[in-house]
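A.B. asks: First the structure, which I've put down as structure tokens, then a few questions once you've had a look.
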Amino acid sequence: MILGLRGVGKTVLLNQIKDRAIALGYLAEMQEAHDGAELKQLLIPVLRRLLLRLDRVQNTVETVKKGIRVLRSFIGNITIAAGGAEVTLGGDSEAGYADSGNLEDDLRDILIATAEAARDAGQPVAIFIDELQYLSKDELGALIRAIHAINQAALPLILFGAGLPQLAGQAGDAKSYAERLFEFPRLGALLEVDAWKALRDPVEDEGARISDEALREIYEKTHGYPYFLQEWGYTAWNIAKDKIITEQDAQAATEESIRKLDESFFRVRFDRTTPAERDYMRCLAELGEGPQRSADVAKKLGRNATSLGPVRDSLIKKGMIYSPEYALIAFTVPLFDEFMRRGP
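If you want the numbering used here, it's the 1-based position in the sequence shown plus 512.
Structure below.
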């Protein structure tokens with residue numbers, strides 16, 4: 513499970529892993545969780561596609577047919593929309609499998625049935641889920657339990673996920689053995705040498721140059737976060753009039769990039785919050801960069817930490833802040849504190 517703040521490249525890396533899996537012969541499907549979506553609704557279209565693809569690979573294997581029947585049981589009477597159309601799967605269901613109404617048991621049944629179908633069809637499968645932090649504790653626990661059962665049975669189904677930094681703690685809270693079942697690599701800002709290379713190489717590939725002063729300006733303003741490096745580099749390239757990007761070009765790119773980010777990247781997230789949540793975020797930002805004590809935010813607001821619990825929890829659920837350690841909170845979006853201090 514890949515962890516990191518917004519804009520560090522988690523989704524890009526997840527897609528790269530998916531491409532590598534396909535190249536190695538896996539059937540791969542990707543889905544993105546989001547606030548308000550149930551895990552069952554997210555997985556049904558993915559499992560349907562995988563099982564139908566397995567059926568085309570080897571349509572005489574009984575376990576593939578069984579997997580499709582178990583999926584019909586899992587779907588039950590709910591209606592799932594995918595790509596503007598309702599997901600349907602005609603035929604009989606498999607009585608006694610994935611039809612108990614208990615998510616842990618039913619998810620285990622359908623994922624094991626899919627994995628057994630993959631084994632007997634000679635076709636390993638990989639499932640990719642982005643934004644896993646949006647799953648509820650029960651949903652995450654059910655998913656972890658199912659993957660644990662698949663792992664114990666040595667079946668050819670693998671799960672890759674990505675999410676905000678709190679995902680590791682969420683997984684551990686959902687199932688204590690999650691830390692033994694999954695790896696949790698963390699993505700963050702680039703080192704200065706790597707950030708310079710990421711900017712300089714594509715510029716030089718186009719027969720142009722970027723000065724060290726420009727590179728220093730961009731790194732200082734972006735703190736090495738990949739999404740912002742890309743935004744500043746793109747803007748500086750368009751501003752430069754000659755075949756060299758100067759420090760002045762980079763400074764102009766800073767002004768323009770901040771304007772664009774304030775109007776889109778930051779504003780979209782800010783607009784999802786309530787007035788009380790915005791007050792909380794302003795106080796968090798005014799305390800400075802990096803993680804801050806939730807008690808200090810409460811003190812700045814003239815409240816006690818307990819009374820602000822619902823506001824804090826709502827911001828965590830919306831993916832705006834997270835708790836890197838007990839009693840500490842921080843923004844999930846790099847540079848969001850600077851945006852808040854600019855006074856949206």
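Backbone N, C-alpha and C fix where the C-beta goes; we use that ideal spot for every residue, glycine too.
Because the structure is a prediction, the values reported are computed rather than measured.
Which residue from Ala661, Leu693, Leu702 puts its Cα closest to that of Phe672?
C.D. replies: Taking only the C-alpha atoms, the option nearest Phe672 is Leu693.
A.B. asks: Please specify which runs of the alpha helix (DSSP H), each continuous and at least 4 residues long, are wholly inside the segment 718–766, giving them in chain order.
C.D. replies: Correct list: 724–734, 738–751.
A.B. asks: Is Glu628 buried or exposed, if buried means 16 or more other CB atoms sit within 10 Å of its CB?
C.D. replies: So Glu628 counts as buried.
A.B. asks: Based on Cα-Cα distance, which residue from Leu847, Arg824, Met832, Lys830 lies nearest to Ala839?
C.D. replies: Taking only the C-alpha atoms, the option nearest Ala839 is Arg824.
A.B. asks: Between which two residues does the beta strand (DSSP E) containing Gln543 stretch?
C.D. replies: First-last of the beta strand (DSSP E) with Gln543: 539–544.
A.B. asks: Could you have a look at Arg815 and say whether DSSP puts it in helix, strand or coil?
C.D. replies: Here Arg815 sits in coil by DSSP.
A.B. asks: Identify which residue in Gly653, Leu669, Leu647 has its Cα closest to the Cα of Tyr689.
C.D. replies: If we check each option's Cα against that of Tyr689, Gly653 comes out closest.
A.B. asks: Among Leu655, Ala810, Ile534, Phe777, which has the Cα closest to the Cα of Met852?
C.D. replies: When each option's Cα is compared against that of Met852, the closest is Phe777.
A.B. asks: Tell me which residue opens and which closes the alpha helix (DSSP H) that Leu796 is part of.
C.D. replies: Residues 787–798.
A.B. asks: Around the C-beta of Val705, are 16 or more other C-beta atoms found within 10 angstroms, so that it is buried, or is it exposed?
C.D. replies: The residue in question, Val705, is exposed, as its Cβ has fewer than 16 Cβ neighbours within 10 Å.
A.B. asks: Could you tell me the alpha carbon to alpha carbon distance between Gln635 and Pro668, rounded to whole angstroms?
C.D. replies: C-alpha separation (whole angstroms): 8 Å.
A.B. asks: Please report the residue range of the beta strand (DSSP E) in which Val520 lies.
C.D. replies: Val520 -> no beta strand (DSSP E), and no H or E assigned at all.
A.B. asks: Roughly how many angstroms lie between the CA atoms of Gly596 and Leu554, to the nearest whole one?
C.D. replies: Any reading at Gly596 must be qualified, since the residue scores a pLDDT of 47, below 50, and its modelled position is unreliable; the value itself is stated next. In a straight line, the C-alpha of Gly596 is about 14 Å away from that of Leu554.
A.B. asks: Over what stretch of residues does the alpha helix (DSSP H) that includes Val576 continue unbroken?
C.D. replies: Start and end: 574–587.
A.B. asks: Between the segment 830–848 and the segment 767–787, do at least 3 Cβ pairs fall closer than 8 Å?
C.D. replies: Result yes; three or more Cβ-Cβ pairs closer than 8 Å.
A.B. asks: When you compare only the Cα positions, how much space is there between Gln866 and Gln682?
C.D. replies: Limits of the chain in this structure are 513 at one end and 856 at the other, which puts residue 866 out of reach.
A.B. asks: Quick check: what's the CA-CA separation for Asn663 versus Ile833?
C.D. replies: Cα to Cα, the separation comes out at about 33 Å.
A.B. asks: Give the straight-line distance between the Cα atoms of Ile514 and Leu699, rounded to the nearest whole angstrom.
C.D. replies: The straight-line gap from Cα to Cα measures roughly 7 Å.
A.B. asks: Are Asp604 and Asp611 closer than 8 Å when you measure CB to CB?
C.D. replies: The answer is no: Cβ separation not under 8 Å.
A.B. asks: Alpha carbon to alpha carbon, how far is Leu566 from Glu695?
C.D. replies: Going by the C-alpha atoms only, they are around 28 Å apart.
A.B. asks: How many Å lie between Val582 and Glu574 at the Cα?
C.D. replies: Roughly 12 Å between the two C-alpha positions.
A.B. asks: Along the chain, where does the alpha helix (DSSP H) containing Gly653 start, and where does it finish?
C.D. replies: Run containing Gly653: 649–664, per the alpha helix (DSSP H) assignment.
A.B. asks: Verify whether the separation of the beta carbon atoms of Ile622 and Leu564 is less than 8 Å.
C.D. replies: Contact: no.
A.B. asks: Near Gly521, what residues of its chain come up, given a Cβ to Cβ distance below 7 Å and the 5 sequence neighbours on each side ignored?
C.D. replies: Once the five neighbours on either side are set aside, the close Cβ partners of Gly521 are Leu699, Pro738.
A.B. asks: Exposed or buried, Tyr746, counting other C-beta atoms within 10 Å across all chains shown (16 or more means buried)?
C.D. replies: That one is exposed.
A.B. asks: Rounded to a whole number of angstroms, what is the C-alpha to C-alpha distance between His735 and Arg620?
C.D. replies: Answer to the nearest angstrom: the Cα atoms are 43 Å apart.
A.B. asks: Counting C-beta neighbours from all protein chains within 10 Å, is the total for Ala842 16 or more, i.e. buried, or is it exposed?
C.D. replies: Its Cβ being crowded by 16 or more others within 10 Å, Ala842 is buried.
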